[in-house]
Ligand SMILES: NC(=O)c1ccc[n+]([C@@H]2O[C@H](COP(=O)([O-])OP(=O)(O)OC[C@H]3O[C@@H](n4cnc5c(N)ncnc54)[C@H](OP(=O)(O)O)[C@@H]3O)[C@@H](O)[C@H]2O)c1
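Numbering (my numbering), first residue to last: 2 to 266.
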């Protein structure tokens, strides 16, 4: 017997690549309508094709989430037709070497883009008295040293915003899940990190499965992989003078490994 889909009318931002594309594929099934948002229409269409092959109805929406007016217009219109029961604010950018320009772009996408996505949807879900919201944060939201500052801070904002939203919407019949992954094997991960982490990275498909399971249960927070989640939790509660030293040592070891592997590649 085929399982009844838990979510039937779904919006995913950043669905043209990596985790967003994998979430679309995980949720795609007969009887499910997906609205997939991204800037790159070619990649977005490729995700849409795969989701359609799994039986879903799919609409694509080429949008920059940083453009508040365009996002509000498109999402209000889409929600009026669909009545989303799941919205995943996933679109995000990361720049390994942050400059003032890329730091601004990071905040405009990862922070303002999330607000732009959820502001038009929230009152509509409240009026319906139902729905589930997923916000993609990161383990970098807990404790970081040496990672891109604007990226880490943007993900901390997403985590806290999502947790506060969960409190605000709990009595209105709407669930909120904050998603805090460790490294996932997607185009966002740079070669340096890819080489240093190797098999410690989780695949996008496996990550999407864990996230969808958490969304179905209205879990407050989905964190993985378990070992990395435990480590960042400890790093966030231990004294900073101690954890700074530990983290610096780990970064040095990763840099040495990267140089070694690059030289032998
Ligand atoms: N990969 C990891 O290790 C990792 C770990 C923790 C959290 N995350 C988070 O997971 C989310 C997905 O990242 P990913 O790893 O799947 O990276 P990715 O493969 O680079 O995908 C990022 C997605 O965001 C979209 N996007 C970026 N800027 C956008 C904008 N201004 N407007 C609309 N869409 C935009 C991109 O689409 P277009 O290029 O078509 O616009 C793409 O679909 C991000 O929020 C990221 O911070 C990733």
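For every residue, glycine included, the Cβ atom is placed at its ideal position computed from N, Cα and C. Owing to the predicted nature of the structure, the values given are computational and were not obtained by experimental measurement.
Q. Of all the beta strand (DSSP E) runs that stay within the bounds of the segment 197 to 246, which reach a length of 3 or more residues?
A. Taking 3 residues as the minimum length, the beta strand (DSSP E) runs contained wholly in the segment 197 to 246 are 222 to 225, in order along the chain.
Q. Alpha carbon to alpha carbon, what distance is there between residue 143 and residue 21?
A. Whole-angstrom Cα-Cα distance: 22 Å.
**Q.** Per DSSP, the bridge partner or partners of residue 133
**A.** The partner list for residue 133 (beta bridge, DSSP) reads 87, 176.
Q. From this set, 116, 240, 111, 122, which residue's C-alpha is nearest residue 156's C-alpha?
A. Among 116, 240, 111, 122, the Cα nearest to that of residue 156 belongs to 111.
Q | 7 Å Cβ shell around residue 106 - same chain, five flanking residues per side excluded | A | Same-chain partners within the cutoff: 94.
Q) Does the distance from the C-beta atom of residue 62 to that of residue 36 stay below 8 Å? A) Yes, Cβ-Cβ distance for residue 62 and residue 36 is below 8 Å.
Q | Own chain, CB closer than 7 Å to residue 198, minus 5 neighbours either side, in chain order | A | Excluding the 5 residues flanking it on each side, residue 198 has same chain C-beta neighbours closer than 7 Å at 184, in chain order.
Q) Is residue 185 near ligand 1, judged by its Cβ being under 7 Å from some heavy atom? A) It does: the Cβ of residue 185 is within 7 Å (strictly closer) of some heavy atom of ligand 1.
**Q.** beta-carbon residue 17 near ligand 1 non-hydrogen atom, thresh 7 Å
**A.** Taking non-hydrogen atoms of ligand 1 into account, the C-beta of residue 17 is found less than 7 Å away from one of them.
Q. For the candidate residues 26, 31, 32, whose alpha-carbon lies nearest to that of residue 46?
A. With distances taken between Cα atoms, residue 46 lies closest to 26.
**Q.** For residue 24, the three-state DSSP class (helix, strand or coil)
**A.** The answer is helix: DSSP assigns residue 24 an H, G or I state.
Q) Expressed to the nearest angstrom, what Euclidean distance is found between the alpha-carbon atoms of residue 215 and residue 163? A) Residue 215 and residue 163 have their alpha carbons spaced roughly 14 Å apart.
Q.
Looking at ligand 2, does it come within less than 7 Å of residue 150, judged from the CB to the closest heavy atom?
A. For ligand 2, the structure offers nothing, since it holds only ligand 1.
Q. Counting along the chain, where does the alpha helix (DSSP H) carrying residue 161 start and finish?
A. Per DSSP, the unbroken alpha helix (DSSP H) holding residue 161 starts and ends at 150 to 170.
Q: Could you check the C-alpha separation between residue 172 and residue 130 for me, to the nearest Å?
A: Going from the Cα of residue 172 to the Cα of residue 130 covers about 9 Å.
Q. Just how far apart, CA to CA, sit residue 113 and residue 136?
A. Those two C-alpha atoms are separated by around 13 Å.
Q) Considering only residues of the same chain and omitting the five flanking positions on each side of residue 211, which have a CB-CB separation below 7 Å? A) Its chain contains 223, 225 as the residues whose beta carbon lies nearer than 7 Å to that of residue 211, once the 5 sequence neighbours on both sides are disregarded; these appear in chain order.
Q | Selected residue, minimal CA-CA separation from residue 87, among 176, 242, 195, 239 | A | Selection 176, 242, 195, 239 evaluated against residue 87 yields 176 as nearest (Cα-Cα).
Q.
Is any non-hydrogen atom of ligand 1 found closer than 7 Å to the C-beta of residue 237, if you look at the structure I gave you?
A. No.
(Q) Suppose you measure from the CA of residue 9 to the CA of residue 193; what does that come to, to the nearest Å? (A) Going by the C-alpha atoms only, they are around 39 Å apart.
Q: Compute the minimum distance between the beta carbon of residue 74 and the heavy atoms of ligand 1, and state whether it is under 7 Å.
A: No, the beta carbon of residue 74 sits no closer than 7 Å to any heavy atom of ligand 1.
Q | Whole runs of the beta strand (DSSP E) within the segment 39 to 112, excluding any shorter than 3 residues | A | The segment 39 to 112 contains these whole beta strand (DSSP E) runs: 58 to 63, 87 to 90.
Q.
At the level of alpha carbons, what is the spacing between residue 15 and residue 66?
A. Within the model, the alpha-carbon separation for residue 15 versus residue 66 is close to 9 Å.
Q: Return yes when the Cβ of residue 57 is within less than 8 Å of the Cβ of residue 34, no when it is not.
A: Taking 8 Å as the Cβ cut-off, residue 34 and residue 57 qualify as a contacting pair.
Q.
What would DSSP say about residue 14, mapped onto helix, strand or coil?
A. The answer is strand: DSSP assigns residue 14 an E or B state.
Q.
I'd like the list of long-range same chain contacts for residue 249, defined as Cβ closer than 8 Å, with 5 residues on each side in sequence excluded.
A. If we look at residue 249 and ignore the five residues flanking it on each side, its Cβ neighbours are 146, 147.
Q. DSSP three-state call for residue 264: helix, strand or coil?
A. Legend: pLDDT at residue 264 = 44, less than 50; position of this residue unreliable, value from coordinates given subsequently. Three-state result, residue 264: helix.
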